[in-house]
Amino acid sequence: AQSVTQPDIHITVSEGASLELRCNYSYGATPYLFWYVQSPGQGLQLLLKYFSGDTLVQGIKGFEAEFKRSQSSFNLRKPSVHWSDAAEYFCAVGYNYGQNFVFGPGTRLSVLP
Amino acid sequence: IAGITQAPTSQILAAGRRMTLRCTQDMRHNAMYWYRQDLGLGLRLIHYSNTAGTTGKGEVPDGYSVSRANTDDFPLTLASAVPSQTSVYFCASSDSSRDRFSGYTFGSGTRLTVV
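The listed protein sequences derive, respectively, from chains A and B. When the letters of the first sequence are read in order and numbered with my numbering, they come out as residues 28 to 140. When the letters of the second sequence are read in order and numbered with my numbering, they come out as residues 656 to 770.
Given below as structure tokens:
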């Protein structure tokens with residue numbers, strides 16, 4: 028069965044530091060890949076997505092993610108974290124044009140002033 | 656503003672009562688979904704609908720029912736609420752046609768407490 032893992036349950040970084048959130052998936056082919064962010068009490072907002080082409084994708088709020096087929100990974104990065112980035116981040120993979128969509132368990136990001 | 660509207664925002668419900676969570680989208684997406692989010696368990700799919708008139712069961716369908724009478728609306732009903740259904744419920748939609756799929760759009764959620 029398809030699965031998505033986010034190895035880090037909780038990460039704390041200082042404001043201005045770089046950030047990398049890990050995501051690995053298990054599937055026989057390349058799925059569609061997504062990162063969503065959820066601020067406290069809010070719904071999920073799409074940060075970025077990968078369907079095909081350039082393996083480094085840019086998203087909103089200064090985030091980027093890189094697809095590495097050999098590692099079945101789609102890690103999210105940001106060069107300099109802002110306090111407003113504190114939130115829960117979900118990696119998701121989609122198959123069959125969205126008719127199968129699997130979320131990772133999420134990584135909670137805390138930002139120290 | 657195009658998107659998904661969920662109602663109510665929050666609700667406290669007595670166990671055994673019936674409750675319908677409303678979800679409406681204005682993007683003409685063919686597919687709609689209901690998830691529940693629980694601490695430590697992430698997002699779990701309850702029911703889905705790939706097109707108006709059809710529905711399917713997700714990972715945790717027991718105790719819930721849905722209907723899809725038209726493209727825009729996808730209500731979730733708890734026939735007889737139990738405390739284990741205390742959760743935050745998210746409705747989502749997508750255009751799952753081959754050339755237009757671009758991910759899921761989520762509503763802001765309904766926080767339900769069953770007492």
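We treat Cβ as the ideally placed atom computed from N, Cα and C, and that holds for glycine. Small disclaimer: the values here were computed from a predicted structure and weren't measured.
For Arg677 of chain B, the secondary structure class from DSSP, reduced to helix, strand or coil, is strand.
With the criterion set as a beta carbon lying under 8 Å from some beta carbon of chain B, the members of the region 71-99 of chain A are Leu71, Gln72, Leu73, Lys76, in sequence order.
For Leu767 of chain B, no Cβ of chain A is located within less than 9 Å of the residue's own Cβ. According to the DSSP assignment, Val743 of chain B belongs to the beta strand (DSSP E) that extends over 742-749. Per DSSP, the continuous beta strand (DSSP E) segment holding Cys118 of chain A begins and ends at 114-122.
Exclusion of the five residues before and after Ile667 of chain B leaves Thr768, Val770 as the residues of its chain whose Cβ lies within less than 7 Å of its Cβ. Residues of chain A with a Cβ closer than 9 Å to the Cβ of Ser763 of chain B are, in chain order, Gly68, Gln69, Gly70. Within the same chain, Cβ atoms closer than 7 Å to the Cβ of Phe756 of chain B are found at Ser749, Asp750, the five residues on either side in sequence being excluded.
Straight-line spacing of the CA atoms in Thr82 of chain A and His37 of chain A works out to 26 Å.
Note that the C-beta distance between Asp727 of chain B and Arg683 of chain B is below 9 Å. The beta carbon of Pro716 of chain B is closer than 7 Å to those of Ile701, His702 in its chain, skipping five residues each way along the sequence.
Burial state of Lys76 of chain A is buried, judged by a 10 Å Cβ sphere holding 16 or more other Cβ atoms. Taking a 10 Å sphere around the C-beta of Asp112 of chain A, we find 16 or more other C-beta atoms and assign the residue as buried. For chain B, none of the residues of the region 99-112 of chain A brings a beta carbon within less than 7 Å of one of its beta carbons. Not flagged as an interface residue toward chain B: Ala114 of chain A, since no C-beta distance is shorter than 9 Å. Around the C-beta of Pro58 of chain A, 16 or more other C-beta atoms lie within 10 Å, and the residue is accordingly described as buried. With fewer than 16 other Cβ atoms from the protein chains shown falling within 10 Å of its own Cβ, Ala56 of chain A counts as exposed.
Interface criterion not met: the Cβ of Gly43 of chain A is under 9 Å from no Cβ in chain B. DSSP places Ile87 of chain A within a helical segment (H, G or I) once states are collapsed to three. Listed along chain B is no residue with a C-beta nearer than 8 Å to that of Pro34 of chain A; the closest approach is about 14 Å. If you draw a straight line from the Cα of Trp689 of chain B to the Cα of Pro140 of chain A, it is about 37 Å long.
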